[in-house]
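Protein sequences, first through last, are from chains A and B.
Start counting the first sequence at 335; every next residue gets the next number (the working numbering).
Start counting the second sequence at 74; every next residue gets the next number (the working numbering).
All residues carry an ideal CB built from backbone N, CA and C; glycine is no exception.
For reference, the structure is listed below as structure tokens.
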Amino acid sequence: MESSEEIIKVQGLVKRYGDFTAVDGSEFSVHKGEVFGLLGPNGAGKTTTLEMLVGLRKPDEGTAIVGGYDITRELDKVKEVIGVQLQSTTLFELLTVEEILHLYGSFYREHISIPDLIEDMLLTEKKNSRIKGLSGGQKQRLAIALALVHDPQIIFLDEPTTGLDPQARRTLWDIILRLKERGKTVVLTTHYMDEAHVLCDRIAIMDQGKLIALDTPGELVKNLQSDSAVEFRFDEEADVVLSEIEGVKQVGSQKDVHILYTDNLQQTLTSLIAIASEKELRLVDLQTRTATLEDVFIHMTGRRLREG
Amino acid sequence: MRAYYQLTLAQLRIFLRNRQVLFWTLAFPIFLMIMLGSFLGNGNGISLTVAVVDQDNSEQSKLLVKELKKNKAITIEKSSDEKNMLQLLKDGDLQLVVTIPEGYAKSLAAGEGTNPFKLPVYYNETNLTVSQVGLQLVNNAVDTISKKQVDYKPVVVTDSKGVEALNLRYIDFLVPGIVAMMIMSNNMNGVAGQISSWRERGILRRMQGTTLKASTFIAAQITARFMLNGLQAMIVLGVAWAVFGIEVRGSWLTVVAFVTLGTLAFMAIGFIIAGIAKTPESAGPIAGFLSFPMLFLGGVFFPIKDMPEFIQPIVQVLPIAHLSHALRETMNVGASFMDLGMEAIILSCWLIGAFIAASFTFKWE
Chain A
335 MESSEEIIKV QGLVKRYGDF TAVDGSEFSV HKGEVFGLLG PNGAGKTTTL
385 EMLVGLRKPD EGTAIVGGYD ITRELDKVKE VIGVQLQSTT LFELLTVEEI
435 LHLYGSFYRE HISIPDLIED MLLTEKKNSR IKGLSGGQKQ RLAIALALVH
485 DPQIIFLDEP TTGLDPQARR TLWDIILRLK ERGKTVVLTT HYMDEAHVLC
535 DRIAIMDQGK LIALDTPGEL VKNLQSDSAV EFRFDEEADV VLSEIEGVKQ
585 VGSQKDVHIL YTDNLQQTLT SLIAIASEKE LRLVDLQTRT ATLEDVFIHM
635 TGRRLREG
Chain B
74 MRAYYQLTLA QLRIFLRNRQ VLFWTLAFPI FLMIMLGSFL GNGNGISLTV
124 AVVDQDNSEQ SKLLVKELKK NKAITIEKSS DEKNMLQLLK DGDLQLVVTI
174 PEGYAKSLAA GEGTNPFKLP VYYNETNLTV SQVGLQLVNN AVDTISKKQV
224 DYKPVVVTDS KGVEALNLRY IDFLVPGIVA MMIMSNNMNG VAGQISSWRE
274 RGILRRMQGT TLKASTFIAA QITARFMLNG LQAMIVLGVA WAVFGIEVRG
324 SWLTVVAFVT LGTLAFMAIG FIIAGIAKTP ESAGPIAGFL SFPMLFLGGV
374 FFPIKDMPEF IQPIVQVLPI AHLSHALRET MNVGASFMDL GMEAIILSCW
424 LIGAFIAASF TFKWE
């Protein structure tokens with residue numbers, strides 16, 4: 335389904351709030367039929383970028399072409415070809431699932447069959463229930479149903495799985511992957527690594543308003559040039575030069591947690607334990623894993639995606 | 074058009090499902106009406122108890138008492154003890170004491186040419202308004218007697234309207250005021266509160282992400298609220314009719330026209346408040362700041378003419394004053410829409426001005 339046709343073209347978007355620059359000249363393209371992820375910590379500018387693309391915020395500089403229309407000049411046309419699910423939106427709580435879908439359907443010139451949509455979003459059992467009584471996962475599926483009601487080409491999802499339990503998250507992932515199968519283009523923001531890895535064809539990593547990397551998840555991890563990570567803490571302040579441990583290619587440390595990136599896990603581990611014994615340091619929370627997108631982020635910014 | 078219909082429907086569903094709001098917005102005006110109506114209805118209204126001390130005890134004096142009794146506003150209490158009656162008058166238990174002295178019948182029989190007979194009527198100066206009305210009524214009765222006596226054929230008759238107005242009770246004054254108050258608070262406070270809370274919760278923002286136009290949204294909002302308000306106004310009038318026997322003397326169409334104008338004008342003001350208020354928490358106090366003075370100055374509970382001179386100019390421009398006055402004139406006196414052109418024009422000015430201001434202050438987020 336994926337093609338190289340550019341369905342969204344972002345050209346130097348800038349958004350300032352007083353002295354603070356929330357989005358600082360983003361430039362990227364989204365291909366037709368792909369799932370495109372905007373990844374970054376809170377406050378990185380993901381949501382602001384997305385909200386400018388759907389016309390909820392006016393960019394201070396730059397523009398974007400969405401589905402062939404300019405967001406600064408042809409917003410009405412843009413709105414017809416996009417579907418939006420916003421972060422933490424509440425809906426009319428006293429309406430039922432079916433009623434609100436008919437309501438949102440009426441906002442557009444045409445809409446798809448509501449019963450089919452309800453079934454697709456696994457809400458058939460709840461179609462006569464009031465929104466008030468839905469679970470978090472059901473509300474989120476309803477929010478996505480509302481974004482799909484007019485059969486848009488491009489769907490924007492702002493942190494669709496934040497705050498959901500693992501089961502509900504997986505259900506939502508399936509729904510997003512099914513959208514992709516149907517040829518929809520999906521742009522989503524997230525701060526979950528695993529989610530970005532599973533869902534996204536390409537990922538743009540944002541930090542402090544800037545786009546710092548854009549590639550497929552596989553390529554991003556590969557660029558770390560190490561496939562394993564060793565994570566640990568010392569139980570007291572230690573004076574060790576970690577980069578001198580055998581096999582270590584990169585060191586990522588924040589606060590008291592240290593991460594060593596290596597291609598030779600065994601060598602690095604043996605060496606680490608030897609040094610710890612020699613200096614009479616106790617290793618705490620020692621774990622090894624394969625490098626992930628999280629490590630890409632740490633490597634690029636020196637910080638974790640989610641602090642604490 | 075489909076969006077307008079669906080939004081109106083959605084809004085009505087939300088109203089009807091929000092039972093608590095529905096109940097209390099209705100319960101408050103009805104409660105207020107019944108409380109004020111039953112407690113103040115008698116004390117403040119113009120009901121007169123007149124004591125008649127008939128010392129003459131003749132056919133003629135009985136005729137005079139009968140004439141006085143004809144007026145429904147007067148309760149007659151017969152007595153022979155003038156002194157005791159005068160004491161009751163001083164205490165405020167009576168409003169007037171009419172004494173028919175001995176020789177009344179004789180004097181009448183003497184007929185024309187003689188000096189008119191002097192009928193002493195005692196009143197209490199501390200209760201001047203009521204006394205004046207009472208004196209007027211007694212005068213009327215006496216006048217009728219005199220005219221009969223001289224076989225007088227009137228060339229000019231007064232309009233019965235004046236006497237009719239005297240039969241108005243406080244509750245008659247109150248009910249149109251309560252309806253006006255309800256229209257003001259349900260629309261102004263209701264719109265301000267709901268729109269600002271929808272904005273805060275991101276409901277409006279989500280709709281902004283669709284092709285829905287603000288004008289469609291506002292039009293649907295107005296339609297739904299207007300339907301609900303019309304219904305509530307009718308319920309209040311129904312209760313007033315059932316409990317206090319209030320009726321609409323003028324045309325229902327005029328009542329409906331003013332309910333419409335008032336609803337739209339106050340809704341527009343509500344949209345302005347919703348635009349100004351940054352949070353739903355601040356919308357309440359802002360609406361309160363506007364509605365409280367209007368409640369007390371706008372002729373809802375007390376007649377505007379009772380207000381001090383210096384507030385009059387302010388009171389005269391308040392929309393609620395014109396709404397309550399127009400409803401009162403229609404319901405109590407039976408004025409037609411044409412008679413109330415000024416009120417209609419002023420309310421329309423508020424409506425148009427407020428909608429223009431609202432369109433500048435309306436924000437989706």
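- Under the three-state reduction of DSSP output, A:SER560 falls in the coil class, being neither helix nor strand.
- Within chain A, the residues whose beta carbon sits less than 8 Å from that of B:ALA83 are PHE426, LEU429, GLU433, ILE434 and LEU437, listed in sequence order.
- A Cβ-Cβ contact shorter than 8 Å links A:GLY581 with A:GLN601.
- If you ignore the 5 residues before and after B:ILE319, its C-beta comes within less than 8 Å of the C-beta of ILE244, ASP245, VAL248, LEU310, ALA313 and MET404, all in its own chain and listed in chain order.
- In chain order, THR122, ALA124 and LEU161 place their CB closer than 6 Å to the CB of B:LEU167, counting only its own chain and leaving out the 5 sequence neighbours on each side.
- Shown here, A:ALA572 sits in coil according to DSSP, grouped into three states, outside any helix or strand.
- With the criterion set as a beta carbon lying under 9 Å from some beta carbon of chain B, the members of the region 393-422 of chain A are ASP410, LYS413, GLU414, ILE416, GLY417, VAL418, GLN419, LEU420, GLN421 and SER422, in sequence order.
- Under DSSP, B:TYR196 takes part in a beta bridge, and its partners are B:LEU169.
- No residue range can be given for B:PHE374, since it is assigned to no beta strand (DSSP E) and is classified by DSSP as neither H nor E.
- For A:SER360, the pairing in a beta bridge is given by DSSP as A:LEU347.
- Near chain A, meaning a CB-to-CB distance below 8 Å, the residues of the region 271-301 of chain B are ARG274, GLY275, ILE276, ARG278, ARG279, MET280, GLN281, GLY282, THR283, THR284 and LEU285.
- The three-state reading of DSSP puts B:VAL252 in helix, counting H, G and I together.
- Listed along chain B are THR283 and THR284, each with a C-beta nearer than 8 Å to that of A:TYR442.
- Here the C-alpha atom of A:GLU453 lies approximately 41 Å from the C-alpha atom of A:ASP394.
- In the three-state reduction of the DSSP assignment, A:MET455 falls in the coil class, being assigned neither a helical nor a strand state.
- For the region 368-388 of chain A, the set of residues with a beta-carbon nearer than 8 Å to any beta-carbon of chain B comprises VAL388, in chain order.
- As for any alpha helix (DSSP H) of minimum length 4 sitting wholly inside the region 239-318 of chain B, the runs are 243-257, 263-273, 276-281 and 287-317, ordered along the chain.
- Where B:THR122 is concerned, the enclosing beta strand (DSSP E) starts and stops at 121-127.
- Closest in alpha carbon position to B:ILE173, among B:LEU141, B:PHE331 and B:PHE339, is B:LEU141.
- With its beta carbon at least 8 Å from every one in chain A, B:ASN197 lies outside the interface.
- Nothing from the region 605-623 of chain A brings a Cβ to less than 8 Å from some Cβ of chain B.
- About 6 Å separates the beta carbon of A:VAL348 from that of A:GLY396, a gap short enough to meet the 8 Å contact definition.
- Looking at A:GLU340, A:VAL574 and A:ILE478, the one whose alpha-carbon comes closest to that of A:ILE510 is A:ILE478.
- By the C-beta criterion, the region 552-572 of chain A is judged to be in contact with the region 621-630 of chain A, since at least 3 inter-stretch pairs fall below 8 Å.
- B:LYS351 and B:GLN294 have their alpha carbons spaced roughly 20 Å apart.
- Excluding its 5 nearest sequence neighbours in each direction, A:MET455 has C-beta neighbours in its own chain below 6 Å: ARG475 and ALA479, listed in chain order.
- By the C-beta criterion, the region 203-211 of chain B is judged not to be in contact with the region 361-370 of chain B, since fewer than 3 inter-stretch pairs fall below 8 Å.
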